[in-house]
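**Student:** Below is a structure I'd like to ask you about.
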Amino acid sequence: MRLFLVFPFLAGLVASLPSQIHQQPFGLMDEHQSSKVNVSLYVMSRCPDARLCEDVFDSVINKEGILDKIDLNIGYIGTPKKSEVLGVTCKHGLEECIGNAQQLCLLNHLPIDKSYSIIQCQNYPSSFPRDIGNLDSLKKCVDTVGGVDWEKSGLAKCIEGKSHSTTITNNDDKEDKEKIKHLGKEAKKLLKKNINQTYEKEIKTSCTIDIDSTISGKQGRRRCIVDGGIWKGCDDGHTAQDFIRVIEEEHKNLQSKKDD
Ligand SMILES: *[C@@H]1O[C@H](CO)[C@@H](O)[C@H](O)[C@H]1NC(C)=O
Ligand SMILES: *[C@@H]1O[C@H](CO)[C@@H](O)[C@H](O)[C@H]1NC(C)=O
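End of the sequence shown sits at 342 in our numbering; the numbers just go up one at a time, nothing left out.
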């Protein structure tokens, strides 16, 4: 009985193969490249405006099904500078550069919802932004969120490098050097590359939210900025609901293009 059921299906498949062989590689490539909506948040880890837009986006990424529809990129804002030990400077100082680098390690080694929850945890103690860049404080948030193995996840190596020991020093400058020394090679590399990419895009305001658009009349991108607590240029709105609606629209448009 089983054969009888399967055979017509197989016969149909074989009959349709020649045309499919011709089209499939391109079809698959299209699907891979353009089925997700590019969403970018440009931030600085010690900036209150970044905290504001990360908070709005927390509701966006927690909306069921949204993470399957977007490619989320977090870009840190700073200035490439070869003479600096880290190769970059950050508006709110060295601690911010270290904070950015630590968050990049989270984003590179954990699923996005996990890393995002840890960043949210860092953003909301009353001490903000004082503890951003502080290793103990970061580890506390990793524990609070839970389900992350500091070593096995690769975070330890990325963030702390090989040496986990600390040297006690009273001199400020030496202290800075110690902090940098205890930042992993990978963290430094991620920081330099990420800040360079944002810099090359000439994005200077934290927080800038870009959603790539393929809908005509949107000039290829929908941008929304929050600066000094004020939302600017957000033609499609700036609440979580608005961002979700825009992402759904863009995703639907990408799907319909694929079906053409
Ligand atoms: C998303 O960004 C990537 C890399 O910049 C680009 O190649 C791709 O075409 C973008 N996709 C859409 C749908 O805009
Ligand atoms: C950023 O990286 C690109 C590509 O590696 C490089 O050509 C450029 O000089 C870098 N920009 C800065 C400001 O360092």
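Just so it is clear, CB atoms sit at the ideal spot from N, CA and C, and this is done for glycine as well.
Remember, it's a predicted structure, so these values are computed and weren't measured experimentally.
Measuring straight from C-alpha to C-alpha, what distance separates residue 267 and residue 242?
**Tutor:** For the purposes of this step, residue 267 is taken as residue 185 along the sequence shown, with counting starting at 1. For the purposes of this step, residue 242 is taken as residue 160 along the sequence shown, with counting starting at 1. When rounded, the distance between both Cα atoms is 9 Å.
**Student:** Using a 10 Å radius around the Cβ and a threshold of 16 neighbouring Cβ atoms, would you call residue 182 buried or exposed?
**Tutor:** Numbered from 1 along the sequence shown, position 100 holds the residue referred to as residue 182. So residue 182 ends up on the buried side.
**Student:** Please find out if some non-hydrogen atom of ligand 2 comes closer than 7 Å to the beta-carbon of residue 282.
**Tutor:** As a position in the sequence shown, residue 282 is number 200, starting the count at 1. Residue 282 Cβ: within cutoff of ligand 2.
**Student:** Based on Cα-Cα distance, which residue from 286, 323, 304, 273 lies nearest to residue 187?
**Tutor:** Residue 187 sits at position 105 when you count from the first residue of the sequence shown. It is 273 whose Cα lies nearest to the Cα of residue 187.
**Student:** Under three-state DSSP, which class holds residue 159?
**Tutor:** Here residue 159 refers to the residue found at position 77 of the sequence shown. Three-state result, residue 159: coil.
**Student:** When you compare only the Cα positions, how much space is there between residue 120 and residue 217?
**Tutor:** Translated into positions along the sequence shown, residue 120 becomes position 38. Translated into positions along the sequence shown, residue 217 becomes position 135. Approximately 31 Å, taken between the alpha carbons.
**Student:** Take residue 124 and list the residues in its own chain whose beta-carbon comes closer than 7 Å to its own, dropping the five residues that flank it on each side.
**Tutor:** As a position in the sequence shown, residue 124 is number 42, starting the count at 1. Closer than 7 Å at Cβ, skipping near neighbours: 157, 159, 280, 285, 288, 289, 290.
**Student:** In its own chain, which residues sit with a C-beta less than 7 Å from the C-beta of residue 172, not counting the 5 before and 5 after it?
**Tutor:** Within the sequence shown, numbered from 1, the residue matching residue 172 stands at position 90. Here the set comprises 126, 160, 178, 179, 182.
**Student:** Output the boundary residues of the alpha helix (DSSP H) element that contains residue 199.
**Tutor:** The sequence position of residue 199 within the sequence shown is 117, counting from 1. Taken as a continuous stretch (DSSP letters only), the alpha helix (DSSP H) holding residue 199 covers 194-205.
**Student:** Who pairs with residue 294 in a beta bridge, going by DSSP?
**Tutor:** Start at 1 with the first residue of the sequence shown, and residue 294 comes out as number 212. BP columns for residue 294 point to 303.
**Student:** Nearest to residue 224 by CA position, among 211, 238, 147, is which residue?
**Tutor:** The residue you call residue 224 lines up with position 142 of the sequence shown. Measuring from the Cα of residue 224, the nearest candidate turns out to be 238.
**Student:** Give me, in chain order, the residues of the same chain whose beta-carbon lies closer than 6 Å to that of residue 308; leave out the 5 immediate sequence neighbours on both sides.
**Tutor:** On the sequence shown, position 226 is the one that residue 308 refers to. Once the five neighbours on either side are set aside, the close Cβ partners of residue 308 are 131, 134, 135, 289.
**Student:** Strictly by DSSP, which residues pair up with residue 122?
**Tutor:** The sequence position of residue 122 within the sequence shown is 40, counting from 1. DSSP output for residue 122 lists 155, 292 as bridge partner(s).
**Student:** For ligand 1, any of its heavy atoms closer than 7 Å to the Cβ of residue 292?
**Tutor:** Translated into the one-based positions of the sequence shown, residue 292 becomes position 210. Residue 292 Cβ: outside cutoff for every heavy atom of ligand 1.
**Student:** Comparing C-alpha positions only, which one of 201, 196, 195, 176 sits nearest to residue 185?
**Tutor:** The residue you call residue 185 lines up with position 103 of the sequence shown. Checking every option, the nearest Cα to that of residue 185 belongs to 201.
**Student:** Can you tell me whether DSSP reads residue 349 as helix, strand or coil?
**Tutor:** Because residue 349 is not part of the residues shown, which for the chain are 83 to 342, the question remains open.
**Student:** Residues around ligand 2, please: the ones whose beta-carbon is closer than 5 Å to some heavy atom of it, in chain order.
**Tutor:** Chain-ordered list of matching residues: 162, 278.
**Student:** From 321, 293, 207, pick the residue whose C-alpha is nearest to that of residue 331; which is it?
**Tutor:** Taking the first residue of the sequence shown as 1, we reach residue 331 at position 249. For residue 331, the nearest C-alpha among the options comes from 293.
**Student:** Should residue 336 be counted as a contact of ligand 1 given a C-beta to heavy atom distance under 7 Å?
**Tutor:** Locating residue 336 in the sequence shown gives position 254, counting from the first residue. Yes, the Cβ of residue 336 comes within 7 Å of a heavy atom of ligand 1.
**Student:** Could you have a look at residue 172 and say whether DSSP puts it in helix, strand or coil?
**Tutor:** Position 90 of the sequence shown, counting from 1, holds the residue named residue 172. Coil.
**Student:** In whole angstroms, what separates the C-alpha of residue 167 from that of residue 236?
**Tutor:** For the purposes of this step, residue 167 is taken as the residue at position 85 of the sequence shown. For the purposes of this step, residue 236 is taken as the residue at position 154 of the sequence shown. In a straight line, the C-alpha of residue 167 is about 24 Å away from that of residue 236.
**Student:** Tell me whether residue 341 sits in a helix, a strand or coil according to DSSP, three-state version.
**Tutor:** Here residue 341 refers to the residue found at position 259 of the sequence shown. Helix, per DSSP.
**Student:** Near residue 169, which residues of its chain fall below 6 Å by C-beta distance, leaving aside the five closest residues on each side in sequence?
**Tutor:** The sequence position of residue 169 within the sequence shown is 87, counting from 1. Around residue 169: 274.
**Student:** With distances taken Cα to Cα, identify the nearest neighbour of residue 198 among 213, 208, 226, 175.
**Tutor:** Counting from 1 along the sequence shown, the entry for residue 198 is found at position 116. Measuring from the Cα of residue 198, the nearest candidate turns out to be 226.
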